[in-house]
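Input: a single structure, listed below in structure tokens.
Right, here's the structure in full:
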């Protein structure tokens, strides 16, 4: 069976799989200095943002990713006041970070201002906190931003990057994690999006290894569903300077004063649980059979 | 972008989404009395079994579904000896059930013998326990099988059905759950595959309601990833006659003597955790935006 041209399809060529969404119109298209930006209206997933033909987010399911990239890290720090988001130009992570009343300043550093401007227009719900006085949007190279940051400047750093290909590959390197380590306080936490457990389990182990190699005392991964990303199953990997693995402010998370749709204290604990094939260190469930 | 004819595509029309796998050959095709059975070789997912054009399983990711449809239910019963599987003609659930040394008899009742014969040929790894002396393969109507069963005949009943359309819709009805209730012992457990939390959250709540309406004292849902099923996120819903919600033999699960690739005691506990939108009883995260 073939899908006609009204469907947007992302092919995961290495995996021999593809995911498609039925679109009703293309609302926006441009080639910025850095990438090809498109916004579609879809039939069942709200609006769809793609960069260079890859799904960045849909209106329907981005809440899971954005909540899991932020709240576990923020509740894993005793009192996060200064937060840095690298990438994340759609502002969905920024929105979630600023739900924490203790946060005093959230810097976002994304190289492509056009992504943010497009999202302000087509995903206003994600940009609802862009005018918060605690929000600082910086359109700059994320790696240079971290390298230039004073030592201990941040409590939490969130790497909301694209896949580790092209320019974004540098955001998955041990050198970059070492720069993050330096920019974090003594009990600082780094969290990175770390791809699909089913497709990239070995990468998840590699990321954790590079984090420890960069000086972090402990790492832990969080697993969660994400329909519109490859395999429908995604991960974030956290690294801590102080090594308090799996500790988080569970009672604060249970008593949070803000709304979420996926995250809660129980989900935080649950998401930390390793599937058996990851716990065994295999990084992949098995050769296909 | 369109996919050429070498791709198998399943369209989730109501959702405006589709999932595709790159195939290299079609190994088998037949129209049985009940359905259209096909087996493909894929490029990245091992072999693919479809019924009436819908993905039943792939060699790469079926382990998650089969482990989560069986081990949580069996470890939630104090001493399961007699197990019934309705549907499940691919024998993947049967394989997992028979890993439990305490199981004395496992009946499978699937209406279509051809599915099992095809799987014996193309998915021998799933059928490895079909010759176990404790395994009884019955090619019969599952509803009639349950209705004819003596009261209290089973400790665990597993409903490994297709989606709730056509004939399979009867397997999601309160009347059927009432028949299962009768066929279970006083501490018996029913578990059913209950579709996608993202796409069918309201159905998950409805299934639980029907189970309680049929007499079960408590229900609980389990959430897990399943790449090749709609949305990549799936669920099973359990019902208990004795109402011991969330109780399971955690130390037995932790000390299990058989291999799994997804399930472990921690995953069991984690899978029981409700995402916030399900905990709030909404059944859907939000209208698409």
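Protein chains in written order, with the numbering used here: chain A, -15 to 273; chain V, -15 to 273.
A virtual CB, placed ideally from N, CA and C, is assigned to each residue, including glycine.
Check whether the Cβ of residue 98 of chain V lies closer than 8 Å to any Cβ atom in chain A. When Cβ-Cβ separations below 8 Å define contact, residue 98 of chain V makes no contact with chain A.
What are the start and end residues of the alpha helix (DSSP H) that includes residue 158 of chain A? 158 to 167
Using a C-beta to C-beta distance shorter than 7 Å, which residues of chain A count as neighbours of residue 5 of chain V? 0, 1
Residues of chain V with CB under 9 Å from residue 245 of chain A, in chain order? Per Cβ cutoff of 9 Å: 259, 260, 261, 264, 266, 269, 270.
For residue 58 of chain A, which residues in the same chain have their Cβ closer than 8 Å to its Cβ, ignoring the five residues on either side in sequence? The answer, listed in chain order, is 64, 67, 81, 84, 87, 140.
I'd like to know if the segment 155 to 172 of chain V and the segment 204 to 219 of chain V are in contact, where contact means that at least 3 CB-CB pairs between them fall below 8 Å. Here the segment 155 to 172 of chain V makes no contact with the segment 204 to 219 of chain V; the two share fewer than three CB pairs at distances below 8 Å.
Tell me whether residue 271 of chain A is buried or exposed, calling it buried when 16 or more other Cβ atoms sit within 10 Å of its Cβ. Since pLDDT at residue 271 of chain A reaches only 43, below the 50 mark, its modelled position is unreliable, and the value read off the structure follows with that caveat. With fewer than 16 other Cβ atoms from the protein chains shown falling within 10 Å of its own Cβ, residue 271 of chain A counts as exposed.
Give the interface partners of residue 235 of chain V over in chain A, defined as CB-CB distance under 9 Å, in chain order. Correct list: empty, because the minimum Cβ distance to chain A is about 17 Å.
Starting from the C-beta of residue 50 of chain A, find all residues in its chain whose C-beta is less than 6 Å away, skip the five residues before and the five after it, and write them out in chain order. When the five nearest sequence neighbours on each side are left out, the beta carbons in the same chain lying within less than 6 Å of the beta carbon of residue 50 of chain A are those of 76, 77, 80, in order along the chain.
Chain-ordered chain V contacts of residue 27 of chain A [CB-CB under 7 Å]: 0
Whether residue 246 of chain A touches residue 260 of chain V by CB criterion (8 Å): yes
Under 8 Å, with one C-beta from each stretch per pair, do the segment 6 to 15 of chain V and the segment 8 to 25 of chain A reach the 3-pair mark? no
Cβ shell of residue 175 of chain A (< 6 Å), same chain only, five flanking positions each side left out: 57, 142, 220, 222
With 16 as the cutoff for other CB atoms within 10 Å, does residue 235 of chain V come out buried or exposed? exposed
Name the two residues that bound the continuous alpha helix (DSSP H) containing residue 120 of chain V. For residue 120 of chain V, no alpha helix (DSSP H) segment is defined; the enclosing uninterrupted segment is the beta strand (DSSP E) at 119 to 122.
Pick helix, strand or coil for residue 91 of chain A, following the three-state DSSP scheme. strand
Please give me, in chain order, every unbroken run of the beta strand (DSSP E) with length at least 3 that falls completely inside the segment 123 to 153 of chain A. 138 to 144
Just tell me which of A/1, A/6, A/73, A/-4 has its CA closest to the CA of residue -13 of chain A. Taking only the C-alpha atoms, the option nearest residue -13 of chain A is A/6.
Taking the alpha-carbon of residue 102 of chain V as reference, which of V/1, V/34, V/240 has the nearest alpha-carbon? V/34
Whole-angstrom distance between residue 211 of chain V and residue 184 of chain A, CA atom to CA atom: 13 Å
How would you write the range of the alpha helix (DSSP H) that residue 263 of chain A sits in, first residue to last? 260 to 263
Report yes or no: is there a C-beta of chain V within less than 8 Å of the C-beta of residue 216 of chain A? yes
Could you tell me how far apart the beta carbons of residue 226 of chain A and residue 201 of chain A are, in whole angstroms, since I believe they sit closer than 8 Å? 6 Å
Assuming residue -8 of chain V and residue 32 of chain V are in contact, meaning their beta carbons sit under 8 Å apart, how far apart are those beta carbons, in whole angstroms? 6 Å
Members of the segment 45 to 59 of chain V that neighbour chain A once the beta carbon cut-off is set at 9 Å: Within the segment 45 to 59 of chain V, those residues whose Cβ lies closer than 9 Å to any Cβ of chain A are, in chain order, 45, 47, 48, 51.
Please list, in chain order, the residues of the segment 66 to 97 of chain V that have any C-beta partner in chain A closer than 8 Å. none
Do residue 70 of chain V and residue 145 of chain V have their C-beta atoms within less than 8 Å of each other? yes
Identify which residue in V/113, V/117, V/39, V/72 has its Cα closest to the Cα of residue 99 of chain V. By alpha-carbon distance to residue 99 of chain V, the top candidate from V/113, V/117, V/39, V/72 is V/72.
Determine, using beta carbons only, whether residue 209 of chain A comes closer than 8 Å to chain V. yes
Is the CB of residue -9 of chain A under 8 Å away from at least one CB in chain V? yes
Can you tell me which of the three DSSP states residue 12 of chain V falls into? DSSP places residue 12 of chain V within a strand segment (E or B) once states are collapsed to three.
Would you verify that the beta carbon of residue 251 of chain V is, or is not, closer than 8 Å to some beta carbon of chain A? yes
I want to see whether chain A comes within less than 8 Å of residue -14 of chain V, judged by CB atoms only; does it? yes
So, are the CB atoms of residue 89 of chain A and residue 127 of chain A less than 8 Å apart? no
From the DSSP output, which residues share a beta bridge with residue 71 of chain A? A/144
Are the CB atoms of residue 179 of chain A and residue 147 of chain A within a distance shorter than 8 Å? yes
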